[in-house]
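Asks: Read in the UniProt record's numbering, the sequence shown has 63 at position 63, and its numbers run on one by one without any break.
Ideal Cβ placement from N, Cα and C applies to all residues, glycine included.
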Amino acid sequence: MMDEAMNEQVCFIRSLCFYSNRLDTFTFWPYDKKSKCSPEALAKNGFFHPKNGPDDLAQCFVCFKELEGWEPDDDPKDEHRRHSPNCPFLNSKPYEEITAREGLELDLSRYNCFLQQLNTKLLTEAKTSIHDKLDELQTQLGSLFTKRKRGRRAGGTVQDTASETTLDVSVPRTITRSLRSTRSKRSKL
């Protein structure tokens, strides 16, 4: 089930099919019509200016490639082709000239790219969350144990002893014996 924010995002992306809607997103673009990377040139080459991002961030509405660090002499078409050579927008006719079938194919490509981007974002967030939780658990577990010291037990065998251990970890004698007997067998081999 799609939540309201996701639905708004999908509607916004759908509206970017039109040059005028892409152009409208460049309200606060740092370069004007005199530069190669003017709002008009960017919108013509499939870019829009995302709301939440650096001043000079432009994103393709089809492949969703984000480009920032624009210079006045940067050509939007060349930059787009260099950074995203397989973009369906670049490899099709101008949007205003495509047939209904070609438009649907472009829309399918666009939604596929959108879903891939969303999937990557969600996976990255999940991995970060898992790593943070693992770090937290590792810290909590580490504080429960102190370094173990090696000591000699009566009878000449080496035994681990814990100093000020706050967690009681008991090992049944049968397991201890089986470990010792396994060690003995290995040393004889």
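Under 8 Å by Cβ, that's how I've got Asp73 and Lys36 pegged, so tell me the actual separation to the nearest angstrom.
Replies: In the sequence shown, the residue the question calls residue 73 occupies position 73. In the sequence shown, the residue the question calls residue 36 occupies position 36. Right, their Cβ atoms sit about 6 Å apart.
Asks: What's the call for Arg101, buried or exposed, on a 16-neighbour Cβ count within 10 Å?
Replies: Here residue 101 refers to the residue found at position 101 of the sequence shown. With fewer than 16 Cβ atoms within 10 Å of its Cβ, Arg101 is classed as exposed.
Asks: Quick check: what's the CA-CA separation for Pro50 versus Lys65?
Replies: To locate residue 50, count along the sequence shown from 1; it is residue 50. To locate residue 65, count along the sequence shown from 1; it is residue 65. One C-alpha to the other measures close to 12 Å.
Asks: Within a Cβ cutoff of 7 Å, which residues of the same chain sit near Trp29, ignoring the five residues on either side of it in sequence?
Replies: By one-based count along the sequence shown, residue 29 stands at place 29. Contacts found: Pro39, His49.
Asks: Got a sec? Which residues, its chain only, sit under 6 Å from Arg110 by beta carbon, not counting five neighbours each side?
Replies: Reading the sequence shown from its first residue, position 110 is the one you call residue 110. Excluding positions up to five away in sequence, the list reads Val62.
Asks: Find out if the Cβ-Cβ distance for the pair Leu90, Arg81 is shorter than 8 Å.
Replies: The sequence position of residue 90 within the sequence shown is 90, counting from 1. The sequence position of residue 81 within the sequence shown is 81, counting from 1. In contact: Leu90 and Arg81 (Cβ atoms closer than 8 Å).
Asks: Any chance you could list the alpha helix (DSSP H) runs of at least 4 consecutive residues sitting entirely within the region 4-36, in chain order?
Replies: 4-15, 19-24
Asks: Going along the chain, which residues of its own chain have a beta-carbon closer than 6 Å to the beta-carbon of Met6, five neighbours each way excluded?
Replies: The sequence position of residue 6 within the sequence shown is 6, counting from 1. There are no such residues.
Asks: Gln116: buried (16+ other C-beta within 10 angstroms of its C-beta) or exposed?
Replies: On the sequence shown, residue 116 is found 116 positions in, with the first residue counted as 1. It is exposed - the Cβ of Gln116 has fewer than 16 other Cβ atoms within 10 Å.
Asks: Starting from Cys60, follow the beta strand (DSSP E) in both directions and report where the run begins and ends.
Replies: As a position in the sequence shown, residue 60 is number 60, starting the count at 1. It spans 58-60 - the beta strand (DSSP E) in which Cys60 sits, taken as one unbroken run.
Asks: On the three-state DSSP scale, how would you describe Glu79?
Replies: Within the sequence shown, numbered from 1, the residue matching residue 79 stands at position 79. Reduced to three states, the DSSP call for Glu79 is helix.
Asks: Along the chain, where does the alpha helix (DSSP H) containing Pro88 start, and where does it finish?
Replies: Walking along the sequence shown from the start, residue 88 turns up at place 88. Unbroken run through Pro88: none, as it is neither H nor E.
Asks: What does the alpha-carbon distance come out to for the pair Lys133 and Cys113?
Replies: As a working mapping, residue 133 is identified with position 133 in the sequence shown. As a working mapping, residue 113 is identified with position 113 in the sequence shown. In a straight line, the C-alpha of Lys133 is about 30 Å away from that of Cys113.
Asks: Which class does Glu71 belong to by DSSP, given the choice of helix, strand or coil?
Replies: Looking up residue 71 in the sequence shown gives position 71. Glu71: coil per DSSP, three-state reduction.
Asks: Between which residues of its own chain and Leu23 is the CB-CB distance below 8 Å, once the five residues before and five after are set aside?
Replies: On the sequence shown, residue 23 is found 23 positions in, with the first residue counted as 1. Counting only Cβ-Cβ distances below 8 Å, and skipping sequence neighbours, we find Pro39, Glu40, Ala43.
Asks: Starting from the Cα of residue 191, find the closest Cα among Tyr31, Asp32, Pro76, Lys33 and give me that residue.
Replies: Outside the shown range of the chain, which is 1 to 189, sits residue 191, and nothing can be said about it.
Asks: How long is the line joining the alpha carbons of Gly19 and Leu108, rounded to whole angstroms?
Replies: For this step, residue 19 is matched to residue 19 along the sequence shown. For this step, residue 108 is matched to residue 108 along the sequence shown. Per the sequence presented here, residue 19 reads as Tyr, with Gly not at that position. So the alpha carbons of these two residues sit roughly 19 Å apart.
Asks: If you draw a straight line from the alpha carbon of Glu105 to that of Gly142, how long is it in whole angstroms?
Replies: Position 105 of the sequence shown, counted from the start, is the residue given in the question as residue 105. Position 142 of the sequence shown, counted from the start, is the residue given in the question as residue 142. Cα to Cα, the separation comes out at about 55 Å.
Asks: For Leu167 and Phe145, what's the separation of their Cα atoms in angstroms?
Replies: The residue given as residue 167 occupies position 167 in the sequence shown. The residue given as residue 145 occupies position 145 in the sequence shown. Annotation note: pLDDT 48 at Leu167 (below 50); position unreliable, coordinate value reported separately. For Leu167 and Phe145, the distance between alpha carbons rounds to 7 Å.
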